[in-house]
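Sequential numbering from 1 applies to the sequence shown in UniProt numbering. Worksheet: one structure, shown below.
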Amino acid sequence: MQMSSMPTCWPSSPPKRLASPIRAPSLPTISPPIGSGNGVARPFETSNHGVNNMRLVIVGAGFAGMYAALSAARLRDIEGVSPEELEIALVSPEPTLVIRPRLYEPKPESLTAPLQDVFDAVDVAYVQGSVEAVDTKAGTVDVVNAKGERKSLQYHRLVLATGSRLFRPNIPGLADYAFSVDNIDDAIALDRHLHELAKMPASAARDTIVVAGAGFTGIEAATEMPSRLRTLFDKTANPRVIIVDRSSAVAPDMGEGPRPIIEEALHKLGVETRLNAGVSSLDKSGVTLSTGEHIETMTVIWAGGIRANPLTTKIPGERDKFDRLLVDGCLRVPSVPGVFATGDAARAACDDCGNYALMSCQHATRMGAFAGNNAAAELLGVPARRYHQEAYVTCLDLGDAGALFTRGWDRKVEMVGEKAKATKQEINTVWIYPPKPERAAALASADPEHVTKL
1 MQMSSMPTCW PSSPPKRLAS PIRAPSLPTI SPPIGSGNGV ARPFETSNHG
51 VNNMRLVIVG AGFAGMYAAL SAARLRDIEG VSPEELEIAL VSPEPTLVIR
101 PRLYEPKPES LTAPLQDVFD AVDVAYVQGS VEAVDTKAGT VDVVNAKGER
151 KSLQYHRLVL ATGSRLFRPN IPGLADYAFS VDNIDDAIAL DRHLHELAKM
201 PASAARDTIV VAGAGFTGIE AATEMPSRLR TLFDKTANPR VIIVDRSSAV
251 APDMGEGPRP IIEEALHKLG VETRLNAGVS SLDKSGVTLS TGEHIETMTV
301 IWAGGIRANP LTTKIPGERD KFDRLLVDGC LRVPSVPGVF ATGDAARAAC
351 DDCGNYALMS CQHATRMGAF AGNNAAAELL GVPARRYHQE AYVTCLDLGD
401 AGALFTRGWD RKVEMVGEKA KATKQEINTV WIYPPKPERA AALASADPEH
451 VTKL
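In structure tokens:
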């Protein structure tokens, strides 16, 4: 795969060093840190540090947001610019990275990693709250904190790294009766529900788990479930796991190569499938499929796909069918000066061969690093870097049947079974976690050209 010979890209009008083409650089700055590693958010109150300060605001503390902040701080450090001259502020409800790719596992409450110490180490200001509105003309975001207080935060560059959320269509009973592993609260609710089931007498409804969706998330949730249920239920229980999908085959997006391995794993684990069938409705008794079949169950796990966070709709720009903002080669939103989108919030070309970033941790980390670098580059008056990610792998957990590792967009199978399982565990427990809260290590980890280099 060949990328364009131009590794860098300028905005339409290259900015002067530390000068903003959007607004005069006379902004209040976020207050200095309160301690280090104490998990306390920086306050909203501001103080004026002078007329040369700039502010880069990053919205979201997922994989893309974390690496956007680290990469911006890295470039600021390389250029010898102080945090007072270029402030980097990250807004999120908590200074915590949720290890979302692992939420199908037991004990989901343990699947987070603290970020406050990492941010402190690289002089990134954490602002507690959720962004509920964006005014791209004024260059502000409206932040609502945990107390319900609303404040306006100005920016010179904005990186939207708000991630994605589960798509929940208007199916009768779905909102009331379906579980998910989409976010940590949902995963904890499912885990608690499974523990409550273990206290009940055995029955067809108790012992049957229906997973709606035969994609990546659905397969991982379904193949993990037999082991989870054996651990929770008594030895006489005979749990059933059923995958339901409208497609004619499991893993419809993974292609023909990996599918026989996935099907063999499902057979080995006793996981049933209902293909060419959708979910029509849910109620207390179970789930009714589009084929007319009713499955008696107390547990339906919805894994029906994801959409970009609705905040993308606050940005004037083109979006794809997943509500991702269309971005240029440097991850800018072309219709809005000074705004970048990254991770699951952006539809970005990975190469010149027609491949686009998927809504995945693998792409979000590298996209985040490029977006943060490029937003800072515009403020510092240095060339931005064109995002590229030619390498692509998948590593699918198959529960007690091992795992499956593929390489390339054609998903050529490289590893299966226990060898692939060991790789999956290393990815899930080492590779995707934040760097150590040490300045040099944290900054080095965010080199855009080396993040997720496979």
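We treat Cβ as the ideally placed atom computed from N, Cα and C, and that holds for glycine.
Between which two residues does the alpha helix (DSSP H) containing residue i stretch?
{"i": "residue 340", "result": "That residue, residue 340, is in no alpha helix (DSSP H); its beta strand (DSSP E) goes 339-341."}
{"i": "residue 233", "result": "Unbroken run through residue 233: none, as it is neither H nor E."}
{"i": "residue 290", "result": "Careful: residue 290 lies outside any alpha helix (DSSP H) and carries neither H nor E."}
{"i": "residue 261", "result": "259-269"}
{"i": "residue 415", "result": "It is not in any alpha helix (DSSP H) - residue 415 instead sits in the beta strand (DSSP E) that spans 412-416."}
{"i": "residue 118", "result": "116-121"}
{"i": "residue 190", "result": "184-198"}
{"i": "residue 175", "result": "174-177"}
Report the residue from the options whose alpha carbon sits nearest the alpha carbon of residue i.
{"i": "residue 60", "options": "302, 131, 113, 105", "result": "131"}
{"i": "residue 234", "options": "195, 212, 129", "result": "195"}
{"i": "residue 67", "options": "438, 192, 369, 410", "result": "369"}
{"i": "residue 101", "options": "347, 313, 357, 396", "result": "396"}
{"i": "residue 280", "options": "108, 252, 290, 286", "result": "290"}
{"i": "residue 436", "options": "107, 109, 186, 116", "result": "116"}
{"i": "residue 166", "options": "309, 318, 75", "result": "309"}
{"i": "residue 307", "options": "240, 182, 334", "result": "182"}
{"i": "residue 134", "options": "160, 149, 122, 146", "result": "160"}
{"i": "residue 410", "options": "157, 254, 170", "result": "254"}
{"i": "residue 448", "options": "179, 178, 73, 150", "result": "73"}
{"i": "residue 278", "options": "150, 444, 106, 292", "result": "292"}
{"i": "residue 158", "options": "169, 312, 123, 286", "result": "312"}
{"i": "residue 402", "options": "262, 214, 199", "result": "262"}
{"i": "residue 287", "options": "228, 204, 322, 96", "result": "204"}
{"i": "residue 95", "options": "415, 421, 229, 146", "result": "146"}
{"i": "residue 379", "options": "75, 63, 143", "result": "75"}
{"i": "residue 190", "options": "229, 171, 388, 54", "result": "229"}
{"i": "residue 426", "options": "438, 405, 445, 444", "result": "405"}
{"i": "residue 322", "options": "168, 354, 268", "result": "168"}
Considering only the beta carbon of each residue, do residue i and residue j sit closer than 7 Å?
{"i": "residue 342", "j": "residue 452", "result": "no"}
{"i": "residue 118", "j": "residue 375", "result": "no"}
{"i": "residue 357", "j": "residue 367", "result": "yes"}
{"i": "residue 373", "j": "residue 82", "result": "no"}
{"i": "residue 58", "j": "residue 90", "result": "yes"}
{"i": "residue 155", "j": "residue 139", "result": "yes"}
{"i": "residue 295", "j": "residue 273", "result": "no"}
{"i": "residue 217", "j": "residue 240", "result": "no"}
{"i": "residue 136", "j": "residue 336", "result": "yes"}
{"i": "residue 187", "j": "residue 108", "result": "yes"}
{"i": "residue 324", "j": "residue 346", "result": "yes"}
{"i": "residue 152", "j": "residue 344", "result": "no"}
{"i": "residue 198", "j": "residue 245", "result": "no"}
{"i": "residue 144", "j": "residue 150", "result": "yes"}
For residue i and residue j, which I take to be in contact (beta-carbon distance under 8 Å), what is that distance rounded to the nearest angstrom?
{"i": "residue 326", "j": "residue 340", "result": "12 Å between Cβ atoms; not a contact."}
{"i": "residue 399", "j": "residue 223", "result": "3 Å"}
{"i": "residue 206", "j": "residue 298", "result": "6 Å"}
{"i": "residue 237", "j": "residue 303", "result": "Rounded, the Cβ-Cβ distance is 23 Å, inconsistent with contact."}
{"i": "residue 413", "j": "residue 252", "result": "The pair is not a contact, with the Cβ atoms about 17 Å apart (cut-off 8 Å)."}
{"i": "residue 301", "j": "residue 180", "result": "6 Å"}
{"i": "residue 219", "j": "residue 432", "result": "19 Å between Cβ atoms; not a contact."}
{"i": "residue 97", "j": "residue 129", "result": "Wrong, their Cβ atoms sit about 17 Å apart, outside the cutoff."}
Taking the continuous beta strand (DSSP E) assigned at residue i, which residues delimit it?
{"i": "residue 455", "result": "Because the chain is modelled from 1 through 454, residue 455 falls outside the range shown and cannot be assessed."}
{"i": "residue 56", "result": "54-59"}
{"i": "residue 458", "result": "The displayed coordinates of the chain run from 1 to 454. Any statement about residue 458 would go beyond what the structure contains."}
{"i": "residue 331", "result": "That residue, residue 331, is in no beta strand (DSSP E); it is neither H nor E in DSSP."}
{"i": "residue 87", "result": "86-92"}
{"i": "residue 160", "result": "157-160"}
{"i": "residue 154", "result": "150-154"}
{"i": "residue 168", "result": "Looking at the DSSP string, residue 168 is not in any beta strand (DSSP E), and its letter there is neither H nor E."}
{"i": "residue 71", "result": "Note, residue 71: premise wrong, no beta strand (DSSP E); alpha helix (DSSP H) at 63-78."}
Use the C-beta contact count for residue i: other C-beta atoms within 10 angstroms, 16 or more gives buried, fewer gives exposed.
{"i": "residue 386", "result": "buried"}
{"i": "residue 264", "result": "exposed"}
{"i": "residue 430", "result": "exposed"}
{"i": "residue 80", "result": "exposed"}
{"i": "residue 113", "result": "exposed"}
{"i": "residue 424", "result": "buried"}
{"i": "residue 185", "result": "exposed"}
{"i": "residue 419", "result": "exposed"}
{"i": "residue 48", "result": "Model confidence at residue 48 stands at a pLDDT of 36, short of 50, so the residue's coordinates are unreliable and nothing is read from them."}
{"i": "residue 361", "result": "buried"}
{"i": "residue 85", "result": "buried"}
{"i": "residue 13", "result": "At residue 13, the pLDDT of 40 sits below 50, so the modelled position is not reliable; the number obtained from the coordinates is stated separately. With fewer than 16 Cβ atoms within 10 Å of its Cβ, residue 13 is classed as exposed."}
{"i": "residue 87", "result": "buried"}
{"i": "residue 120", "result": "buried"}
{"i": "residue 17", "result": "Only weak support exists for where residue 17 lies, its pLDDT of 45 falling under 50; the coordinates are left without a value."}
{"i": "residue 126", "result": "buried"}
{"i": "residue 434", "result": "buried"}
{"i": "residue 34", "result": "The pLDDT assigned to residue 34 is 28, lower than 50, so where the model puts this residue is not dependable; a value taken from the coordinates is nonetheless given after this. Residue 34 comes out exposed."}
{"i": "residue 105", "result": "buried"}
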